[in-house]
Each structure stands twice: as structure tokens, then as C-alpha cells.
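First to last, the sequence lines map onto chains A and B. Quick note: to get my numbering, add 1 to the position in the first sequence (first position is 1). Quick note: to get my numbering, add 1 to the position in the second sequence (first position is 1). The C-beta atom is built at its ideal place from N, Cα and C for all residues, glycine as well. Data first, discussion second: the structure below is written as C-alpha cells.
Protein chains: 2
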Amino acid sequence: MTATLQYIGQIRTQYRTLQECPRNIDPQGPVCKLVVEQDYSAGMTGLEKGQLILVLYWFEHADRNDLVQKRHNTGQECGVFALRSPHRPNPIAAAVVTIEGFEKNTILVRGLDCLDRTPLLDIKPALVNESVNIRCD
Amino acid sequence: MTATLQYIGQIRTQYRTLQECPRNIDPQGPVCKLVVEQDYSAGMTGLEKGQLILVLYWFEHADRNDLVQKRHNTGQECGVFALRSPHRPNPIAAAVVTIEGFEKNTILVRGLDCLDRTPLLDIKPALVNESVNIRCD
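Here it is as C-alpha cells:
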């Protein structure tokens, strides 16, 4: 069984190759832009500067069939669902970040780890203690 | 632009109608089962009881075109990206829960909010203070 995702926009970062991308979200990292397509920009109403959001995005260059991979730090083999590898059956990345500001249909955040022009899937308010940042991809 | 999701399994809960589903994740709620399909079960290797995981799942009955909705508590109109409504362009639900145990290719957790047989999309280790539970859908 399958379902179809619609790209609601794209993420603009400074990373042009996978080698340049950092391995983790960095709350103090460089500013990135969540550029929401015009067709979806009405959905941004009510978002506020300083708010913590969960951003979902799509690693379109992922290998979706690699169910057992090696841990980065130890080299030990491990199932993909016990790893945060971008290579997974559904390569949906999840990051909790703070809204730094807005520019038209664009949300400014910091320190995302993805390639420039990565497809954006969803933005939701995060219900989480504001001192905690998670990265789950 | 679009991408295709593959269902990696399904979530078994006690809820047979949308009216029965709770509005929030409850860490002390009833046991639910993340039943991973055989084809994907190798990906579970390395997951451990007590571990905090981020579960992504798919609200297949969502209205995907409703960009401005009313807040549940105030009735105020609000953009979908500022809400945790299940009705959204890409109805991907995200919940952080603790692994309570295993049964073959099944992971036991507590207190998910979804219909029985909801499609399962992904499981990842959550990097989050263990005392914090978030729900982002």
C-alpha cells in the first residue's frame, strides 16, 4: 500500500552537495529558509516568531531499500528503524527548530542539515519543552 | 512535485471510529501495537525496550485541502501549519513514545491516538530528554 506526498515548498540552505551537509541539526547554525509555495501559504497564518515548530522534509536522494546499515560511530550493523540514517524506506526527516522570523511566504529558522532545495512536507507546532531540541532523522 | 510513501506496517489500536480516537497522545494510555510488515522487519534490529522512539504514521482519512481551519479551543481561524490538526496537505502524524516491549515483528507502545489499522510510515530513535513527550499532529 502506498500514499502520495505533495511538496508544500522547499528548504533553502547553503549546502550544495551531500558531503557539505552537517550530520546534525544545530540550533545556533546558519539561517535556512522554509519557502512555502504560494498555493499553501494560507496555511502559515498564526505561526509566530519564537515558536518551536516540527519541520518534516524529504530526503529525495535516499536509498530506500537499505534495511540494515552500519552505525556511524561503531560500525556495528543495525536496523534502519534503530538509526537516524537518511536512507530509509520513507526518507522523512524531522527537526524541531525555532522560528527566527518571516519574509513573505518564507519562514526563517537555523541549522537544518539538508541540501539546498530539499522538498518541504509539513510544519506543525511542536509540543515540547522549549529547552530541548530533537533531531530524528 | 510529489513523492510516494510505502506503508511499512500498521498500528493496531482499540479505536474503530474517528469519534472514539483521543485528541492527544497519552504516555499512560492503552497498549497499541506497531506491526511491522515482514518485508521491513529486518529494520527493527537494535531497537530496545525502554527506548524513546519517534513514530510517523499516516492519517489516510484526512482532508488534504483545508488550509485554514478553526482552533478547537477558541474557534479562531488559523493556518493548518500553526495547528496540529490531522487534516493537512501531507497528513503525517508524529508521536514520541516509549517502547514497552516486543512480540515478533511488533513493537508495543502506549497511548497512540489513531484508528485501528492506521498505516505506519517510519520509526526512528528520538533524541529528546526522556521526561518530555511531544505530540505534533
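query	result
Continuous beta strand (DSSP E) assignments of at least 3 residues falling wholly in the stretch 104 to 128 of chain B	107 to 111, 119 to 126
Whole-angstrom distance between B/Asp123 and B/Met45, CA atom to CA atom	11 Å
B/Thr3: contacting residues in chain A (beta-carbon distance under 8 Å)	Thr5, Leu6, Gln7, Tyr8
Local conformation of B/Leu19 per DSSP, three classes	helix
C-alpha gap between B/Thr18 and A/Gln39, whole angstroms	35 Å
Residue-level contact to chain B via CB, A/Lys34, 7 Å cutoff	no
Sequence-distant residues of the same chain with beta carbon closer than 6 Å to B/Gly102, five excluded per side	Lys50, Leu109
Neighbouring residues, chain A, relative to B/Asn91 (Cβ below 8 Å)	Leu6, Gln7, Ile9, Leu57, Leu122, Asp123
Cβ of A/Gly47 within 7 Å of any chain B Cβ	yes
At least three beta-carbon pairs within less than 8 Å, the stretch 80 to 92 of chain B to the stretch 29 to 37 of chain B	no
Buried/exposed call for A/Pro92, threshold 16 Cβ in 10 Å	buried
Any chain B beta carbon closer than 7 Å to A/Val98	no
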